[in-house]
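Student:
Numbering (full-length UniProt numbering), first residue to last: 1 to 346.
#1: I believe residue 136 touches residue 170 by the beta-carbon criterion, under 8 angstroms. Please report the beta-carbon distance rounded to the nearest angstrom.
#2: Residue 82: buried (16+ other C-beta within 10 angstroms of its C-beta) or exposed?
#3: Between which residues of its own chain and residue 193 is the CB-CB distance below 8 angstroms, once the five residues before and five after are set aside?
#4: Say whether the segment 224-237 touches the segment 15-34, bearing in mind that this needs 3 or more beta-carbon pairs closer than 8 angstroms, one atom from each stretch.
#5: Can you say whether residue 249 is buried or exposed, counting buried as having 16 or more other CB atoms within 10 angstroms of its CB?
#6: Go through the segment 148-232 residue by residue and report every complete run of the beta strand (DSSP E) that reaches 3 residues or more, in order.
#7: Pick out whichever of 343, 108, 139, 129 has its Cα sitting closest to the Cα of residue 118.
#8: Ends of the beta strand (DSSP E) at residue 305?
#9: What residues match up with residue 53 in a beta bridge as DSSP calls it?
#10: Distance, Cα to Cα, residue 200 vs residue 115?
#11: Considering only their Cβ atoms, is the gap separating residue 227 from residue 252 smaller than 8 angstroms?
#12: State the DSSP-derived secondary structure class of residue 283, mapped to helix, strand or coil.
#13: Which runs of the beta strand (DSSP E) spanning at least 3 residues fall entirely within the segment 3-56, listed in chain order?
#14: Determine the contact status of residue 179 and residue 145, defining contact as a CB-CB distance below 8 angstroms.
#15: Let's see if you can read the secondary structure: which residues bound the alpha helix (DSSP H) around residue 141?
#16: Per DSSP, what kind of secondary structure is residue 105 in: helix, strand or coil?
#17: Look at residue 75 and residue 54 and say whether their C-beta atoms are less than 8 angstroms apart.
#18: Using beta-carbon positions only, say whether residue 211 and residue 185 come within less than 8 angstroms of one another.
#19: Can you tell me whether DSSP reads residue 99 as helix, strand or coil?
#20: Assuming residue 309 contacts residue 224 under a Cβ cut-off of 8 angstroms, what Cβ separation, rounded to an integer in Å, is found between them?
#21: Classify residue 239 as buried or exposed, calling it buried when 16 or more other Cβ atoms lie within 10 Å of its own Cβ.
#22: In this structure, does DSSP put residue 268 in helix, strand or coil?
#23: Can you tell me where the beta strand (DSSP E) with residue 294 in it begins and where it stops?
So, in structure tokens, the structure goes:
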């Protein structure tokens, strides 16, 4: 049983090197499922690029990062006094975004290395610009390694650049004792322009998706056909005993919810007009089936029923030559929610 990710290692690593060169001072983000590739592998690739710092999402990810990477480990989730898994290590850089938390960490771990984070238009974490004076007053002997801003994913060009420029100006006029600004979600051009306009600041981009998943042509996901059955229109199949809408082949293919298949619910049509458009298609969607990520004979095929935990039932119409048991088929996945049976660097 195989639901595998194959990586064209040479091509992928060329892409990593290109992105690293385009982002001087880059801090690679290595969090969650490691963008489908695994956090340990990404940490080793960051080391191979000669980078001095990586960023993880949570404190639970810190021990593995320290074991896989010899440099500094930045935690992007802000420190909270009630966290029970905080790692106090001289290679760990903590993020602080509330004045009360700064005071608490200064009391409990006075020599800790920290980042101050500003609250951007993301409105997720961070200090308001008017809180910076109070933040500085609460620092005690905490070691400030930089200031961070996490920007949104904007569709309008230039929006993030303007916001980043505003925060850079705030940082320069504040009493925060650092000249390092960490930024998320700026393009290489925007980062370069910010650095050029603020030569007294060291601008360091934190890069995740565009680094690890920026060349999807280097990554291919394959799933094995485990079984195959001819089915007739009206025949009932699966857990839910759904009737097949037409004659065809029912394929049982590796890859289910435990692999991340089907975790994103299909978009349902809303309203009379939307439902009418669906019915007008006259196809399998109108019959209640959902499109799967499995590609057979050049087209994505339909789930015969919702995916199971480790396999999926896929309907292929009789007009299409179905693959044989043991064959592999291509799969389109959302890498940030995917889990593979094997990751093969070739």
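Don't be surprised by glycine CBs; every beta carbon is placed ideally from N, CA and C.
Tutor: Once the coordinates are examined:
#1: For the purposes of this step, residue 136 is taken as residue 136 along the chain shown, with counting starting at 1. For the purposes of this step, residue 170 is taken as residue 170 along the chain shown, with counting starting at 1. The pair is not a contact, with the Cβ atoms about 13 angstroms apart (cut-off 8 angstroms).
#2: Start at 1 with the first residue of the chain shown, and residue 82 comes out as number 82. Exposed.
#3: Counting from one through the chain shown, the residue named residue 193 turns up at place 193. So the qualifying residues of the chain are 161.
#4: no
#5: Translated into the one-based positions of the chain shown, residue 249 becomes position 249. Classification for residue 249: buried.
#6: 180-184, 202-207, 219-231
#7: Here the question's residue 118 lines up with position 118 in the chain shown. With distances taken between CA atoms, residue 118 lies nearest to 129 out of 343, 108, 139, 129.
#8: In the chain shown, counting from the first residue as 1, residue 305 sits at position 305. From DSSP, residue 305 is part of no beta strand (DSSP E); its letter is neither H nor E.
#9: On the chain shown, position 53 is the one that residue 53 refers to. Answer is 72, bridged to residue 53.
#10: Position 200 of the chain shown, counted from the start, is the residue given in the question as residue 200. Position 115 of the chain shown, counted from the start, is the residue given in the question as residue 115. Answer to the nearest angstrom: the Cα atoms are 18 angstroms apart.
#11: For the purposes of this step, residue 252 is taken as residue 252 along the chain shown, with counting starting at 1. For the purposes of this step, residue 227 is taken as residue 227 along the chain shown, with counting starting at 1. For residue 252 and residue 227, yes; Cβs fall inside 8 angstroms.
#12: In the chain shown, counting from the first residue as 1, residue 283 sits at position 283. A caution first: residue 283 carries a pLDDT of 48, below 50, which makes its placement in the model too unreliable to give a value.
#13: 3-7, 53-56
#14: Stepping through the chain shown from its first residue, residue 179 is reached at position 179. Stepping through the chain shown from its first residue, residue 145 is reached at position 145. Not in contact: residue 179 and residue 145 (Cβ atoms no closer than 8 angstroms).
#15: The residue given as residue 141 occupies position 141 in the chain shown. Note, residue 141: premise wrong, no alpha helix (DSSP H); not H, not E.
#16: Start at 1 with the first residue of the chain shown, and residue 105 comes out as number 105. Secondary structure of residue 105 (DSSP, three-state): helix.
#17: On the chain shown, position 75 is the one that residue 75 refers to. On the chain shown, position 54 is the one that residue 54 refers to. No.
#18: Translated into the one-based positions of the chain shown, residue 211 becomes position 211. Translated into the one-based positions of the chain shown, residue 185 becomes position 185. When the beta-carbon positions are compared, residue 211 and residue 185 stay at least 8 angstroms from each other.
#19: The residue given as residue 99 occupies position 99 in the chain shown. In this structure, residue 99 counts as helix in the three-state DSSP scheme.
#20: What you label residue 309 is simply residue 309 of the chain shown in a count that begins at 1. What you label residue 224 is simply residue 224 of the chain shown in a count that begins at 1. So it is not a contact: roughly 16 angstroms between Cβ atoms.
#21: Against the chain shown, residue 239 aligns to sequence position 239. Exposed, because fewer than 16 other Cβ atoms sit within 10 Å of the Cβ of residue 239.
#22: Locating residue 268 in the chain shown gives position 268, where the first residue counts as 1. Note that residue 268 scores a pLDDT of 40, beneath 50, so its modelled location is shaky and nothing firm can be said.
#23: As a working mapping, residue 294 is identified with position 294 in the chain shown. Looking at the DSSP string, the run of the beta strand (DSSP E) that includes residue 294 is 290-296.
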